[in-house]
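Chemist: A single structure is presented below for examination.
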Amino acid sequence: MKKLLIAAAVALLGGTAAVAFFAREPNVSVEWTREVPSKETAATLAPAFRDTRNWPIFHHSLREVRLTEGGKPVPEFDRVSPGMIATFAIEPKGKEWKRFLIVAEVLPPKVGEALRFRLLSESTGKSTRLLDGFEWWVGFRPANAEEASRGYATAVFGGASAETKTPRARFFGRVAPTILMNQLYQIDLVRLASFTANMEAWAGDHAPVYR
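Under the working numbering, read the sequence shown as residues -11 to 199, first letter to last.
Below is the structure:
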């Protein structure tokens, strides 16, 4: 027990010293990306992004998303355009007290992307205190030769970029950018890669499928 306490104290002091060091450093740009091979075809994946009713299928704990344009609700579920405002209602199942809202502007997607967003606000304020100019995206591409040889048709990809604002953010931005960016990146690329199976699981109120 004594050794564990000493180790914990050393780790705490080391972490505190690291954060103190980065307090003197300038802010940095952080970018994180990931790709997941998929057996879904492009024809199957494209509708996943076009209809907002499908978005909870491949997001972490997303209850619903609401779109507005010019301050007015967008009644169509299958019309997502740059300039719209998307409000993501995040509600972990069985942990409703942890619900929060993410409000973002829909941006023009870059080449190959299906969706891109810029964060406007986040109701807990935790992430926006750490990061500035947070943008995230998702899309898919045809499988390359190596992926195709293993039976994949496409690869889904996603990523996020931001500027750090605090010593803690600068520390994690250099040491563990994935942890930092995943605080706000709510898209589950593994579930998206198995979209058909997860659509069926969602309809039947079953657990998500990870393959």
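For every residue, glycine included, the Cβ atom is placed at its ideal position computed from N, Cα and C.
(1) Decide if residue 173 is buried, meaning its Cβ has at least 16 other Cβ atoms within 10 Å, or exposed.
(2) Per DSSP, what kind of secondary structure is residue 147 in: helix, strand or coil?
(3) Buried or exposed, going by whether 16 or more other CB atoms sit within 10 Å of the CB of residue 117?
(4) Compute the beta-carbon to beta-carbon distance between residue 79 and residue 104, rounded to the nearest angstrom, for a pair I have assumed lies under 8 Å.
(5) Between which two residues does the beta strand (DSSP E) holding residue 18 run?
(6) I'd like to check one pair, residue 94 with residue 77: are the Cβ atoms closer than 8 Å?
(7) Work out the CA separation of residue 15 and residue 193 for me, nearest whole Å.
(8) Cα separation between residue 138 and residue 130?
(9) Check whether the segment 20 to 29 and the segment 152 to 159 are in contact - that is, three or more C-beta pairs closer than 8 Å.
(10) Taking residue 142 and residue 128 to be in contact with their CB atoms under 8 Å, please state how far apart those CB atoms are, rounded to whole angstroms.
(11) Out of 59, 92, 39, 54, state which residue places its alpha-carbon closest to the alpha-carbon of residue 66.
(12) Quick one, which of 101, 179, 120, 186 has its alpha-carbon nearest residue 18's?
(13) Can you tell me the Cα-Cα spacing of residue 182 and residue 161, whole angstroms?
(14) Report yes if the C-beta distance between residue 167 and residue 126 is below 8 Å; otherwise report no.
(15) I'd like to know whether the C-beta atoms of residue 107 and residue 88 end up nearer to each other than 8 Å.
(16) With DSSP as the reference, label residue 44 as helix, strand or coil.
(17) Comparing alpha-carbon positions, which option in 48, 99, 196 lies nearest residue 224?
(18) Output needed for residue 70: all residues of its chain with C-beta closer than 7 Å, excluding positions within five of it in sequence on either side, in chain order.
(19) Could you check what DSSP says for residue 55 in three-state terms: helix, strand or coil?
(20) Give me, in chain order, the residues of the same chain whose beta-carbon lies closer than 6 Å to that of residue 187; leave out the 5 immediate sequence neighbours on both sides.
Modeler: Quick answer:
(1) buried
(2) strand
(3) Exposed: under 16 other Cβ atoms inside 10 Å.
(4) No, residue 79 and residue 104 are not in contact; Cβ-Cβ is about 24 Å, not under 8 Å.
(5) 17 to 26
(6) no
(7) 43 Å
(8) 13 Å
(9) By the C-beta criterion, the segment 20 to 29 is judged not to be in contact with the segment 152 to 159, since fewer than 3 inter-stretch pairs fall below 8 Å.
(10) 5 Å
(11) For residue 66, the nearest C-alpha among the options comes from 39.
(12) By alpha-carbon distance to residue 18, the top candidate from 101, 179, 120, 186 is 120.
(13) Straight-line Cα distance between these residues: approximately 30 Å.
(14) no
(15) no
(16) In the structure shown, residue 44 sits in a helix (DSSP, three-state: H, G or I).
(17) Since the first residue shown for the chain is -11 and the last is 199, residue 224 is missing from the structure and cannot be characterised.
(18) 94, 95, 96
(19) The three-state reading of DSSP puts residue 55 in strand, counting E and B together.
(20) Cβ neighbours of residue 187 beyond the five flanking positions: 45.
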